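2 protein chains.
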Amino acid sequence: MTQDTARTGLQLRSLINADGELQLSLTPVPTPVPAANEVLVRVEAAPINPSDLGLLFAGADITKAEQRGSNREPLIVARVPEAALRGMAARVGQSMPVGNEGAGRVVAAGSSAAAQALLGKTVAVLGGAMFSQYRCVPVDQALPLPPGTTATEGASCFVNPLTALGMVETMRLESHTALVHTAAASNLGQMLNKICRADGIPLVNIVRSQEHVALLRSQGATHVCNSSAETFMTDLIEALIATGATLAFDAIGGGKLAGQILTGMEAAILKKRAAPYSRYGSSVHKQVYVYGGLGLGPIELNRNFGMAWGVGGWLVTPFLQKLGAQGTQRLKERIAAELKTTFASHYAGELSLLEALDLAKIAVYAKAATGQKYLINPNKDVG
Amino acid sequence: MTQDTARTGLQLRSLINADGELQLSLTPVPTPVPAANEVLVRVEAAPINPSDLGLLFAGADITKAEQRGSNREPLIVARVPEAALRGMAARVGQSMPVGNEGAGRVVAAGSSAAAQALLGKTVAVLGGAMFSQYRCVPVDQALPLPPGTTATEGASCFVNPLTALGMVETMRLESHTALVHTAAASNLGQMLNKICRADGIPLVNIVRSQEHVALLRSQGATHVCNSSAETFMTDLIEALIATGATLAFDAIGGGKLAGQILTGMEAAILKKRAAPYSRYGSSVHKQVYVYGGLGLGPIELNRNFGMAWGVGGWLVTPFLQKLGAQGTQRLKERIAAELKTTFASHYAGELSLLEALDLAKIAVYAKAATGQKYLINPNKDVG
C-alpha cells in the first residue's frame, strides 16, 4: 500500500446548533487509510453547485453572516429563519461535510488490483464531502478521467451532465418529444442546449434577461423566451406550438412560472388541434418537473390548463436508480467522451477552503448567479 | 320496433354567446328513432353532479343571473367573467346539452336482439345530455338495473361510484396502501368511506366543519380531520402516521390544502423513520391528485415536503381507459351488486326541467353544498 498523505486534512463543515445558528468552519479530520478496494483522492477541484448551497447555508440569511474566530481559523455564523429551521430538525447538532462532486489525484490505494490501477490517476468522484483535502472512496465511485484531462476539467462531470442527460432520458421514458427548460442560461442549461442540438431534440429555453437570450442564441439555441418580456406568454406559446413540448424542467419552483408553462402548453395544444370543446381541457398530459429551488416562495398554479397535468419534484439520483445501472453507465460513457465539448463547465474562479469562508467571497458565490459558478480547490494555498 | 314517444322532447342547453353571456334554456329537440343497436330512454332521474355544474354555468356569476323569456319558456342569462371566458373559446356559440349520467325506462328499441331485450327495462346511462326528456344511446351504454331498482336509485351509478372505486384502484396501481380524501363528507366521500371500510383500506377524511366530522364518524370513519380546526395540521399528521397514507384525492384544488397534505405526509414519514438527514427530504413519493375544482383560486404549494412529490389532475374517464375494459367491467359489476348499500346516493330533492331553470332553485343547487345534491327528472310535471 502506498502512503502519500498528511495525517489530517481540512474539511468544510456546516452545523446548525440548537439555537438555530448556522456555523461554517474548517475542521481537521484524520486522513483515512484506504481499505483493499478503496482509493484516497487529494481533491483539487470541486464545484459549488446550487445543490451544495442548500446544505451549506441551510436557508440562513447569509447577507447578515458574521465572522468569529481568527482569519486562519474562521467561524462564519448566520441565523436560520424559523420557517426554514422546521424542516431541518434532523440535521440540528450534526456537523455536516459538504460538496457533492469533484476531482483530484489518487494518492493512496488499497491492495486490490482495481484500486492499485488508479494510483496516480486523476479521477472524478460523486461522493459527498468533496470540500475536503482528502476523500477516501470505493473504487467504483472514482471515475478515471481520459488522459490529458485536468481535475478542473473533470470536477463537474457528474451532477450537471447526469442531470441534463437525465432530463432527456425522462423525456423519452415518458413519451414526450421536446423539452422546456427554465433558468436556461445556467451551466446546466447551456449543457442541455448542446445535448438537444446534438440529438435533434426541440428545446424551449426560458431565461430572465435579454442578455441571456443573446448568450443562448450565440450557442445556437432556436427557441429562447425571456420571462421578463411583456410578450412572454405569446412568445412561449409560439415556441410551444413550434416544438410540441409537453414536458418542462424547472429550476426555479417558486412563483407562477410552472403554471404559466402548463397554461402555454395547453394553449399550444388547443391551437394545433381541432378537437371538440371539453371543459376538462385537452387529453394531452402536460408535465412540469421542479428540480431546483432558485425561487423560494410558494409555487402558484392558476389552473387554466385542463385536467391532464402534473407538477412534481425531480432529482437525478432517484431517476438514475429508476434508469438502472446499465443505463447510467451509458450516460457516464457519453460524459467521459464529451467532457471537453458538450459537458465543458465554466467557472468564475477558484477558491481555497479559507477563501470559501471569506465573507466577501460568500456574498458572491452564495447568489448562484448565472455565469458565477465557483470551484473550491481544497488544496490551494496549502503547504 | 316499438314506438312510445312524443315527436320532440325538451333538452336543457347551455350556450355562451360571442359577448360572453351565458344563456340557459329548454330547447325542443326531435326525439330520435333508435337504430338497430340503440335504445331510446325516457330519462326519469339525472343527478346534478359538480362536474355538470361546470359545463352548465361555465364559471358565470350565477348569483347575478336574470330570467328573460316567459315562465313557461324561460331564458336564464348571466355574465361569464373575462378570465373564465379565455379557456372557453372552443364552446362559444355552441348550444351544449348537459348531464353526464342518469337513468330511465327504455321506451323504444332497435331491431337487434340486445336492444329488444332492454325494452321496458329501467337502465342507467353514462352518455352526456341526460338533462333531456329522451336520450337515444347504443345498447352497451345502457346498464340494466337489478330488478326492483328505481331510476332514482340508479341515477348516480356511474360518476361517483366509478370515481370512488377509481381512487382505490389508482392507490393499488401506484403502490400506495392508504388514502387521504378532501371534501370527504360529500356523496362521493361517504361512498369512498364505505368502500374503504369494506376493503380494509385506511382512509384519512378531511372535512371543513365539525358537523361533517360527526356525519362521517356516524358512518364509522376512523380518521376525520377538520381543516377549519386550529389543531388541523397536528390532527392530520397523527392520522397520516396512523394510516401511512401517501396518496390524496383532492376535490378542492384552490388554496393551500394540497400543499398542507404533502407537508403532513412528509412530516409523518420523517417521524416514523430513522433515516439520516437529507436536504432533499424523504425518498418516499407523496402524491396529491386534484379531481375537482371546488376552490377556484390558485393552488399554492409551500415546498417543505422534500423532492419526492407530485400534484396533478385526475379524471375518472382517462383512468378507466388506462385500467382497461376488463377492469372497468369488474368495477361496474360491483356497483350493480352494491347499488342500494355502498353506492346509495342521497338527494335533497327532485327538480323538473322548468324548476332547474328557476332562479331560486339555481341559487340553491349551484352551491354544490354537501348534502344538497339535486336530481333532475326531465319528465316531471310533463303531460
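Respectively, the protein sequence lines represent chains A and B. When we follow this note's numbering, the leftmost residue of the first sequence carries the number 1, and every step to the right adds one. When we follow this note's numbering, the leftmost residue of the second sequence carries the number 1001, and every step to the right adds one. All C-beta atoms, glycine included, are put in the ideal place defined by N, C-alpha and C. Only a predicted model underlies this, so the values are computations on that prediction, with no experimental measurement involved.
C-alpha gap between residue i and residue j, whole angstroms
i	j	result
Arg1079(B)	Met1088(B)	13 Å
Val1204(B)	Leu1040(B)	42 Å
Ser283(A)	Asn379(A)	56 Å
Ala45(A)	Pro161(A)	16 Å
Gly1371(B)	Gly1189(B)	11 Å
Lys286(A)	Leu55(A)	31 Å
Ala1325(B)	Thr1317(B)	12 Å
Leu118(A)	Arg7(A)	21 Å
Pro202(A)	Ala248(A)	12 Å
Ser1227(B)	Thr1177(B)	23 Å
Met167(A)	Pro1081(B)	39 Å
Leu145(A)	Lys272(A)	47 Å
Thr5(A)	Gln23(A)	Because Thr5(A) sits at a pLDDT of 48, beneath the cut-off of 50, its placement in the model cannot be relied upon, and the following sentence gives the value as read from the coordinates. About 28 Å.
His1212(B)	Leu1236(B)	16 Å
Val43(A)	Leu357(A)	18 Å
Arg1072(B)	Glu1355(B)	10 Å
Gly255(A)	Val139(A)	43 Å
Ala1198(B)	Asn304(A)	37 Å
Thr1231(B)	Leu359(A)	42 Å
Gly244(A)	Thr222(A)	14 Å
Pro1028(B)	Leu1353(B)	12 Å
Contact check, residue i vs residue j, beta carbons under 7 Å
i	j	result
Tyr1280(B)	Ile1048(B)	no
Ile1335(B)	Phe1131(B)	no
Ser1070(B)	Arg1013(B)	no
Ala1109(B)	Ala1103(B)	no
Asn1187(B)	Ser1112(B)	no
Ile1062(B)	Ala1366(B)	yes
Val1159(B)	Leu1143(B)	no
Gln1133(B)	Gly1295(B)	no
Leu1301(B)	Ile206(A)	no
Ala185(A)	Leu165(A)	no
Trp1309(B)	Tyr1289(B)	no
Val311(A)	Val1311(B)	yes
Inter-residue CB distance, residue i and residue j (contact presumed, cutoff 8 Å)
i	j	result
Ser1156(B)	Ser1025(B)	About 25 Å separates the two Cβ atoms, so there is no contact after all.
Leu1192(B)	His1181(B)	6 Å
Ala1058(B)	Ala1084(B)	7 Å
Ile16(A)	Val92(A)	5 Å
Gly253(A)	Gly292(A)	6 Å
Glu1021(B)	Val1077(B)	6 Å
Ala1339(B)	Gly1154(B)	At residue 1339(B) the sequence reads Leu, which differs from the Ala that was named. Yes, Leu1339(B) and Gly1154(B) are in contact; Cβ-Cβ is about 6 Å, under 8 Å.
Gly1264(B)	Leu1240(B)	5 Å
Residue i classed as buried or exposed, judged by whether at least 16 other C-beta atoms fall within 10 angstroms
i	result
Arg86(A)	exposed
Pro50(A)	buried
Gln1003(B)	In this prediction, Gln1003(B) has a pLDDT of 48, which is less than 50 and means its spatial position is unreliable; what the coordinates show is noted afterwards. Classification of Gln1003(B): exposed, given that the 10 Å Cβ count is below 16.
Thr1234(B)	exposed
Met1001(B)	For Met1001(B), the pLDDT reaches just 43, beneath the cut-off of 50, and the residue's location in the model is therefore unreliable, although a value from the coordinates is still provided. It is exposed - the Cβ of Met1001(B) has fewer than 16 other Cβ atoms within 10 Å.
Gln1329(B)	exposed
Pro1034(B)	buried
Lys322(A)	exposed
Gln1011(B)	buried
Val1137(B)	buried
Thr150(A)	exposed
Ala1268(B)	buried
Gln210(A)	exposed
Asp250(A)	buried
Thr342(A)	buried
Val382(A)	exposed
Gly297(A)	exposed
Asp52(A)	buried
Arg68(A)	exposed
Glu333(A)	exposed
Gly1200(B)	exposed
Ala1275(B)	exposed
Residue i CB to nearest heavy atom of the ligand MG below 6 Å
i	result
Pro34(A)	As for the ligand MG, it is missing from this structure, which has no ligand bound.
(request) Determine which residues of the segment 1078-1091 of chain B have a Cβ less than 9 Å from any Cβ of chain A, and write them out in chain order. (result) Ala1083, Ala1084, Arg1086, Gly1087, Met1088, Ala1089, Ala1090, Arg1091
(request) Could you list the residues in the segment 147-172 of chain A with a C-beta less than 9 Å from some C-beta on chain B, going in chain order? (result) none
(request) Please list the residues of the segment 1293-1311 of chain B that have a C-beta atom closer than 8 Å to any C-beta atom in chain A, keeping them in chain order. (result) Gly1293, Pro1298, Ile1299, Glu1300, Leu1301, Asn1302, Arg1303, Asn1304, Gly1306, Met1307, Ala1308, Trp1309, Gly1310, Val1311
(request) Name, going along the chain, the residues of the segment 1005-1016 of chain B whose beta-carbon falls closer than 8 Å to a beta-carbon of chain A. (result) none
(message) To be precise: take each residue of the segment 1276-1289 of chain B, compare its Cβ to all Cβ atoms of chain A, and keep it if any distance is under 7 Å. Which residues remain?
(response) Tyr1277, Arg1279, Tyr1280, Ser1283
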